[in-house]
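Under the working numbering, the first residue of the sequence shown carries the number 234, and numbering increases by one thereafter.
All C-beta atoms in this analysis are idealised placements derived from N, C-alpha and C, irrespective of residue type, glycine included.
Predicted model only: the values in this text are computed from it and were never measured.
For reference, the structure is listed below as structure tokens.
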Amino acid sequence: MEFMISAIEAILENIHDAEEYLIEEDIAKFIEIITTADNIFVTGAGRSGLAAKAFAMRLMHLGLSSYVVGETISPAINAGDCILAISGSGETNTIVTAAKISKKRGAKVLALTSYPESSLGQIADGIIHVKRRTKVEVDDENYLKRQL
């Protein structure tokens with residue numbers, strides 16, 4: 234029980250921290266691109282991919298046309314569509330490649346990354362910069378709790 238309470242406290246702390254560093258204009262730009270896109274594609278690897286899939290489902294619940302890149306039912310991306318590419322490093326090869334192809338096909342590219350200056354950030358039409366972990370945070374004994 235103590236572990237669960239500690240994990241919940243860590244999650245709430247991360248949410249509070251995000252309120253401090255997220256830029257409202259960046260979020261507004263994301264919302265504008267997403268809500269005006271014909272189709273919304275999402276992609277990410279590992280935990281980022283799981284978050285992307287969950288987000289695609291939420292978009293569908295809102296009545297928006299959303300797809301996960303690489304799924305068998307996903308159509309080709311075209312002009313008028315957008316892709317949300319999630320990569321902490323902004324350098325994950327498959328994610329950057331999907332973003333580049335999408336851009337070449339005329340789609341808007343949105344990036345959710347800890348490194349706005351990354352390859353992904355450089356081609357994005359909109360970026361939400363999420364705070365990256367420091368080495369101290371990764372080595373911190375509470376790191377596991379924050380991952381829940």
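| query | result |
| --- | --- |
| Straight-line Cα distance separating Leu255 from Ala289 | 21 Å |
| Where the alpha helix (DSSP H) through Ile316 begins and ends | Ile316 -> not in any alpha helix (DSSP H); beta strand (DSSP E) instead, spanning Cys315 to Ile319. |
| Segments of 4+ residues assigned as alpha helix (DSSP H) that fall wholly inside the segment 274-326 | 280-294 |
| Nearest-angstrom Cβ-Cβ length linking Ala285 and Leu317, presumed shorter than 8 Å | 7 Å |
| Close beta carbons around Ile300, own chain, < 8 Å, minus the five adjacent residues each side | What sits at residue 300 in the sequence shown is Tyr, not Ile. Asn272, Ile273, Phe274, Val275, Ala289, Ile306, Ser307 and Pro308, listed in sequence order. |
| Proximity test, Ile319 beta-carbon vs the ligand FAD heavy atom, cut-off 7 Å | For the structure depicted, the ligand FAD is absent and the ligand set is empty, with no information on it obtainable. |
| Neighbourhood of Ala270 by C-beta distance below 6 Å, restricted to the same chain and skipping five residues each side | Asp314 and Cys315 |
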